Amino acid sequence: MAITVQRPNLSLAERSYLPAIFTGLSITLGHLWRMMRGKTHVTMQYPEQKWDSHLPEHYRGVPALVTDDYGRERCVSCQLCEFICPPQAITITPGELGENDPFAKVEKFPQEFKIDMIRCIYCGLCEEVCPEQAIYLMKEYAVTGTTRAEMVHDKKKLYEIGGLKTGLVDKWDANK
Amino acid sequence: MSAPIHWLWSIVVDLYTTWGFIMVPLSKTIVLVIVVLIIVAYSSLAERKVSAFIQDRIGPNRVGLPLTLLGFKKDLRIGGLAQPLVDGVKFLLKEDLTPAHVNKFYYWLAPALAVAPALLSIAVVPFGSTLTLFGTSYKMVVADVNIGFLYVFAITSISVYGIVIAGWSSNSKYPFFGGVRSSAQMISYELSMGLSLVPVLLIIGNLNLSGIIEYQAKNGWMALPFSNLAFGMHENGPWPWVSGFRPREMLLWIPMLISFVIFTVSIFAETNRAPFDLPESEQELVAGYHTEYSSMKFALFFLGEYAAMITGCALIATLFLGGWQVPVPSVDFHSLHDWTFALITRTGADGNIWGLFNIVCFFGKVIALILFFMFVRWTVPRFRYDQLMKLGWVVFFELALANIVITAIILAFVPA
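Now the structure itself:
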């Protein structure tokens, strides 16, 4: 059973398209005019304007190492983060603290700590698994580089990003 | 002035006074082509900006002068104004790919055929009144030929070959569709475009494009017949003393407006601009006739499209909007019983300043029309294939024919 579609009966003016075209032109001209006067809300201009102040507390940016209240590195080179890291982005070369070190009872420290930022998926498992509260996901997210080597963050770079983090659990104090 | 500069200057003066017949057209051509190319470059930026503003976006605003390459601290960002330069460099540096399955000769010929007609037909369009150089006054038109109209029609009808040949030689289906659509569109519109200009020719009885501007200077613009309005009071004359409202011109206004609309719409179709961009229609045919083109060959099609738009706008401005003339109000006040207010057209005869003013006016009109073309492109959706044919053959063709008859009747029965 065929269905007859009722076509609207257009007047001559409507069939000439002209009124519709001029209505359309006035609408687009209105948009242009509003834009020229700066009344339109537009996209954020990224490198100049950033959303950073609106980032939530739990935002997961680049992973970085932090130092404790004394400026001492917290990482004890347990390599848990290296093992849990799903894309295997973390490489740690453990080293031993000497007998004469004031923190000798910590025993280990990372000789080298590398995070390949091409591999990193910002999952935050390293932060979750770290027993020493040494690795944190910061709020920084713009990681750029022109070579692959540049995209591997070494220990120096990681501490540069992480910096000092006070008020954490302080379990390696020599007096304790 | 130091000696070498003085010597060079004397050579320039010598060249222009003794070799003027070749130097003047040469310099006019070079300047005109450069101006057209600059307008092309910046209208591509303007198109992106206008479309962005209409769609509540910002558009290109990044590319500036790369001062950091020269050792400065920051790039100079001038609102994206360097975008056309960067686009041009990109087109030059991109790989020029010729697919294996194309017909090489026609594939290489097509981009040239797309650009040349647009640049050729602007040669007969007067872009200014006159300029006086070293005591001689020169008309600001590259070729002041008496067959201006015929020349324009001849050249613009060639312009479709660029597209058809590109579509055919690409040897792939979407370009082919584009080419076929273009030729069909051309046939539908060329006719009504030509017929829409017959009333203009009936009125002025002259094929020279400078002639039509002279007519418009005397009798008002074709699409605005009271552009040379004058009124006032005289000691002994009748009151109100008005000139510029002549019954014949006012009656002719009706067919002229019809001609104006038909011609403008035909130019839209002629230049393959939306809403008649069927040969290129991106959503249906990838990129239409230039799908297989890359690098500078694609850029030439792009250039051709915009140059054709400039030529079309220049023609609309010349034929219906008074060409290079913009009436300047002038008040001649002697006493309360003896005064005149007139819109008069200044030409290069009143001094080089007015000659330059005329040139600026002409390009101002062209740019305004280009902006109008852009508004329409980003407002009106594309016509369907059958709608376009119907509009061309059923509406405009008949309307243009009737228009000729109306004009002829007015010319025959209303005294000048």
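Here the protein sequences come in this chain order: A and B. Numbered continuously in numbering that gives the first Met the number 0, the first sequence closes out at residue 175. Numbered continuously in numbering that gives the first Met the number 0, the second sequence closes out at residue 415. The beta-carbon is built from N, C-alpha and C at its ideal position, and this holds for glycine as well. No experiment lies behind these values; they were computed from the predicted model shown.
Is A/Ile89 helix, strand or coil when you go by DSSP? For the purposes of this step, residue 89 of chain A is identified with residue 90 of the first sequence, where counting begins at 1. If DSSP states are grouped into helix, strand and coil, A/Ile89 belongs with the strands.
Straight-line CA distance for B/Tyr214 to B/Ile203? The sequence position of residue 214 of chain B within the second sequence is 215, counting from 1. The sequence position of residue 203 of chain B within the second sequence is 204, counting from 1. For B/Tyr214 and B/Ile203, the distance between alpha carbons rounds to 7 Å.
Answer yes or no: does any C-beta atom of chain A fall closer than 8 Å to that of B/Arg47? For the purposes of this step, residue 47 of chain B is identified with residue 48 of the second sequence, where counting begins at 1. Closer than 8 Å: no.
For a contact defined as C-beta to C-beta under 9 Å, what are the partners of A/His30 on chain B? In the first sequence, the residue the question calls residue 30 of chain A occupies position 31. In chain order: Phe52, Ile53, Gln54 and Asp55.
So with CB distances below 8 Å, who are the chain A contacts of B/Thr378? Position 379 of the second sequence, counted from the first residue, corresponds to residue 378 of chain B. Chain A residues near B/Thr378: Ile20, Gly23, Leu24, Ile26 and Thr27.
Assuming A/Leu64 and A/Gly161 are in contact, meaning their beta carbons sit under 8 Å apart, how far apart are those beta carbons, in whole angstroms? Stepping through the first sequence from its first residue, residue 64 of chain A is reached at position 65. Stepping through the first sequence from its first residue, residue 161 of chain A is reached at position 162. With a Cβ gap of about 5 Å, A/Leu64 and A/Gly161 count as contacting.
Positions along the stretch 355 to 382 of chain B whose CB lies within less than 8 Å of some CB in chain A: Phe374, Val375, Trp377, Thr378 and Val379
Using alpha carbons as the reference points, say which of B/Phe175, B/Phe225 and B/Phe148 lies closest to B/Thr317. On the second sequence, residue 317 of chain B is found 318 positions in, with the first residue counted as 1. Taking only the C-alpha atoms, the option nearest B/Thr317 is B/Phe148.
A/Glu106 versus A/Phe112, A/Ala141, A/Glu95 and A/Pro85, residue with shortest Cα-Cα distance: Here residue 106 of chain A corresponds to residue number 107 of the first sequence, with the count starting at 1. Nearest option by C-alpha distance: A/Glu95.
B/Ala51 vs B/Met373 beta-carbon contact at 8 Å: Numbered from 1 along the second sequence, position 52 holds the residue referred to as residue 51 of chain B. Numbered from 1 along the second sequence, position 374 holds the residue referred to as residue 373 of chain B. No. Outside cutoff.
Would you call the stretch 59 to 73 of chain A in contact with the stretch 118 to 130 of chain A, where contact means no fewer than 3 C-beta pairs closer than 8 Å? yes
Beta-carbon within less than 7 Å of B/Gly391's beta-carbon, same chain only, minus the 5 sequence neighbours each way: which residues are those? Walking along the second sequence from the start, residue 391 of chain B turns up at place 392. For B/Gly391, where only same-chain residues beyond five positions count, the Cβ hits under 7 Å are Ser187, Tyr188 and Ser191.
Can B/Lys27 and B/Val144 be called in contact, C-beta distance under 8 Å? Taking the second sequence and counting its residues from 1, the one referred to as residue 27 of chain B is at position 28. Taking the second sequence and counting its residues from 1, the one referred to as residue 144 of chain B is at position 145. Not in contact: B/Lys27 and B/Val144 (Cβ atoms no closer than 8 Å).
Are the Cβ atoms of B/Ile211 and B/Asn218 separated by less than 8 Å? Indexing the second sequence from 1 puts residue 211 of chain B at position 212. Indexing the second sequence from 1 puts residue 218 of chain B at position 219. It is not a contact, given that the beta carbons lie outside the stated cut-off.
Whole-Å CB distance - B/Asn102 paired with B/Ser168, under 8 Å assumed: Reading the second sequence from its first residue, position 103 is the one you call residue 102 of chain B. Reading the second sequence from its first residue, position 169 is the one you call residue 168 of chain B. With a Cβ gap of about 4 Å, B/Asn102 and B/Ser168 count as contacting.
Tell me the DSSP bridge mates of A/Pro109? Taking the first residue of the first sequence as position 1, residue 109 of chain A is located at position 110. Answer by DSSP bridge pairing, in chain order: A/Pro93.
CA-to-CA distance, B/Val11 to B/Pro224, given in whole angstroms: As a first step, residue 224 of chain B is located in the second sequence; it is residue number 225 there, counting from the start. As a first step, residue 11 of chain B is located in the second sequence; it is residue number 12 there, counting from the start. Cα to Cα, B/Pro224 sits roughly 43 Å from B/Val11.
At the 8 Å Cβ level, is A/Met43 part of the contact set with chain B, yes or no? Stepping through the first sequence from its first residue, residue 43 of chain A is reached at position 44. Not an interface residue.
For B/Ser120 and B/Ser195, which I take to be in contact (beta-carbon distance under 8 Å), what is that distance rounded to the nearest angstrom? Residue numbering aside, residue 120 of chain B sits at position 121 when the second sequence is read from its first letter. Residue numbering aside, residue 195 of chain B sits at position 196 when the second sequence is read from its first letter. Actually they do not touch by this definition, with Cβ atoms about 17 Å apart.
Those residues which DSSP pairs with B/Val330 across a bridge: Here residue 330 of chain B corresponds to residue number 331 of the second sequence, with the count starting at 1. In the DSSP output, where bridge partners are listed per residue, B/Val330 has B/Phe340.
Roughly how many angstroms lie between the CA atoms of B/Leu398 and B/Lys48, to the nearest whole one? Here the question's residue 398 of chain B lines up with position 399 in the second sequence. Here the question's residue 48 of chain B lines up with position 49 in the second sequence. The straight-line gap from Cα to Cα measures roughly 36 Å.
What does the alpha-carbon distance come out to for the pair B/Met221 and A/Gly29? To locate residue 221 of chain B, count along the second sequence from 1; it is residue 222. To locate residue 29 of chain A, count along the first sequence from 1; it is residue 30. Rounded to the nearest angstrom, the two C-alpha atoms are 29 Å apart.
Cβ contact (3+ pairs, closer than 8 Å) linking the stretch 274 to 285 of chain B and the stretch 375 to 385 of chain B: yes
DSSP bridge partner residues for A/Glu127 (one or two, in chain order): In the first sequence, the residue the question calls residue 127 of chain A occupies position 128. None, per the DSSP bridge assignment.
Would B/Val379 and B/Cys312 be called neighbours here (beta carbons separated by less than 8 Å)? Taking the second sequence and counting its residues from 1, the one referred to as residue 379 of chain B is at position 380. Taking the second sequence and counting its residues from 1, the one referred to as residue 312 of chain B is at position 313. No, these two residues do not count as a Cβ contact at 8 Å.
Give the range of the alpha helix (DSSP H) segment to which B/Tyr160 is assigned. Residue mapping note: residue 160 of chain B aligns to position 161 of the second sequence, counting from 1. Segment Gly147 to Ser168, the alpha helix (DSSP H) holding B/Tyr160.
Counting Cβ pairs closer than 8 Å, one from the stretch 76 to 86 of chain B and one from the stretch 131 to 141 of chain B, do we hit at least three? no
Cβ-based burial, A/Glu131 [other Cβ within 10 Å; buried from 16]: The residue given as residue 131 of chain A occupies position 132 in the first sequence. A/Glu131 is buried by the Cβ-count criterion.
Is the Cβ-Cβ distance between B/Arg345 and B/Phe356 less than 8 Å? By 1-based counting over the second sequence, the position of residue 345 of chain B is 346. By 1-based counting over the second sequence, the position of residue 356 of chain B is 357. Cβ atoms of B/Arg345 and B/Phe356: closer than 8 Å.
Tell me, please, whether the stretch 245 to 257 of chain B touches the stretch 164 to 180 of chain B by the rule of three or more beta-carbon pairs shorter than 8 Å. no
Looking at the C-beta of A/Thr39, does it have a partner C-beta in chain B at a distance below 8 Å? Start at 1 with the first residue of the first sequence, and residue 39 of chain A comes out as number 40. It does: the Cβ of A/Thr39 has a partner Cβ on chain B nearer than 8 Å.
Neighbouring residues, chain B, relative to A/Met34 (Cβ below 7 Å): Here residue 34 of chain A refers to the residue found at position 35 when the first sequence is read from its first residue. Those within 7 Å of A/Met34 in chain B are Phe52 and Asp55.
Per DSSP, which one or two residues make a beta bridge with A/Ile134? Here residue 134 of chain A refers to the residue found at position 135 when the first sequence is read from its first residue. Partner(s): A/Leu64.
Once the 5 residues before and after B/Tyr160 are set aside, which same chain residues still bring their CB inside 6 Å of it? For the purposes of this step, residue 160 of chain B is taken as residue 161 along the second sequence, with counting starting at 1. The residues are Leu112.
Taking the straight line between their C-alpha atoms, what separation do you get for B/Ile37 and B/Leu66? As a first step, residue 37 of chain B is located in the second sequence; it is residue number 38 there, counting from the start. As a first step, residue 66 of chain B is located in the second sequence; it is residue number 67 there, counting from the start. When rounded, the distance between both Cα atoms is 23 Å.
In chain order, what residues of the same chain lie with their CB nearer than 8 Å to the CB of B/Val327, ignoring the 5 residues before and after it? By 1-based counting over the second sequence, the position of residue 327 of chain B is 328. Closer than 8 Å at the Cβ level, and outside the excluded window around B/Val327, lie Leu342, Ile343, Thr344 and Arg345.
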